[in-house]
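*Asks:* Residue numbering for the sequence shown follows our numbering, beginning at 6 and increasing consecutively. I am attaching a structure below and will ask some questions about it afterwards.
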Amino acid sequence: LVRVNYSSGAPLEEKTGYSRMVKVGPFVYIGGTTSVQPDGSVYGGGSAYEQTKYILEKLVKLLEKSGSKKEEVVKIKGYATDMKYAPEIAKAYSELFHDIKPLFTVVGTPMLNRPSQLVEIEMDAVIGVKVQ
Numbered sequence: 006l007v008r009v010n011y012s013s014g015a016p017l018e019e020k021t022g023y024s025r026m027v028k029v030g031p032f033v034y035i036g037g038t039t040s041v042q043p044d045g046s047v048y049g050g051g052s053a054y055e056q057t058k059y060i061l062e063k064l065v066k067l068l069e070k071s072g073s074k075k076e077e078v079v080k081i082k083g084y085a086t087d088m089k090y091a092p093e094i095a096k097a098y099s100e101l102f103h104d105i106k107p108l109f110t111v112v113g114t115p116m117l118n119r120p121s122q123l124v125e126i127e128m129d130a131v132i133g134v135k136v137q
């Protein structure tokens, strides 16, 4: 199998030595991603819904770079700085993935990299998978 590393261009990726996304054969893994915009600001303010929607759309665009698409997502794991955000996270998730039905987990975490970040999401896909 061939491994391909993908960067989102975040300076910390090169400094620390990690990839935003790794593709191994048909398997695509995207590491924890927040709603940080290209200019470094956090999108969505204090809204877990807005942050989640932004993150999921960002992840789907990343998937497309690997040759995958949202219909091939098999697992999504979210981290919330407060579980009171779970309904907002679920609403944004449902808008994009309701009919695809990948595994979906949200866990609480005491904090993320910045206090304004409320949500972080990981995603896995398998290229060529079909929904039955």
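We treat Cβ as the ideally placed atom computed from N, Cα and C, and that holds for glycine.
Three Cβ pairs or more, each shorter than 8 angstroms: is that satisfied between the segment 42 to 58 and the segment 92 to 99?
*Replies:* Touching, yes, given that three or more Cβ pairs across the two stretches are closer than 8 angstroms.
*Asks:* DSSP three-state label for A130, please.
*Replies:* In the sequence shown, counting from the first residue as 1, residue 130 sits at position 125. It is a strand residue.
*Asks:* State the DSSP-derived secondary structure class of I105, mapped to helix, strand or coil.
*Replies:* Here residue 105 is taken as the residue at index 100 of the sequence shown, counted from 1. Of the three classes helix, strand and coil, the one that applies to I105 here is coil, per DSSP.
*Asks:* Identify the continuous beta strand (DSSP E) that holds V27 and give its terminal residues.
*Replies:* Working through the sequence shown from its first residue, we reach residue 27 at position 22. Where V27 is concerned, the enclosing beta strand (DSSP E) stretches over M26 to V29.
*Asks:* DSSP state of T110, grouped into three classes?
*Replies:* To locate residue 110, count along the sequence shown from 1; it is residue 105. In this structure, T110 counts as strand in the three-state DSSP scheme.
*Asks:* State the start and end residues of the unbroken beta strand (DSSP E) segment that holds A85.
*Replies:* As a working mapping, residue 85 is identified with position 80 in the sequence shown. Counting along the chain, the beta strand (DSSP E) containing A85 begins and ends at V78 to A85.
*Asks:* Whose C-beta lies closer than 6 angstroms to the C-beta of Q42 among residues of the same chain, with five residues either side of it excluded?
*Replies:* Along the sequence shown, one-based indexing puts residue 42 at 37. Answer for Q42: Y48, listed in chain order.
*Asks:* Per DSSP, E125 forms a beta bridge with which residues?
*Replies:* Translated into positions along the sequence shown, residue 125 becomes position 120. According to DSSP, E125 bridges with Y84.
*Asks:* What do you reckon, are the CB atoms on T86 and T114 nearer than 8 angstroms?
*Replies:* Residue mapping note: residue 86 aligns to position 81 of the sequence shown, counting from 1. Residue mapping note: residue 114 aligns to position 109 of the sequence shown, counting from 1. Yes, they are a contact pair.
*Asks:* Give the DSSP-derived three-state secondary structure of V33 in the structure shown.
*Replies:* The sequence position of residue 33 within the sequence shown is 28, counting from 1. Strand at V33.
*Asks:* Which residue comes first and which comes last in the alpha helix (DSSP H) that contains Y90?
*Replies:* In the sequence shown, counting from the first residue as 1, residue 90 sits at position 85. Premise fails: Y90 is in no alpha helix (DSSP H) and is neither H nor E.
*Asks:* May I ask which residues mark the beginning and end of the alpha helix (DSSP H) holding Y11?
*Replies:* Here the question's residue 11 lines up with position 6 in the sequence shown. First-last for Y11: R8 to Y11, but that is the beta strand (DSSP E), not the alpha helix (DSSP H).
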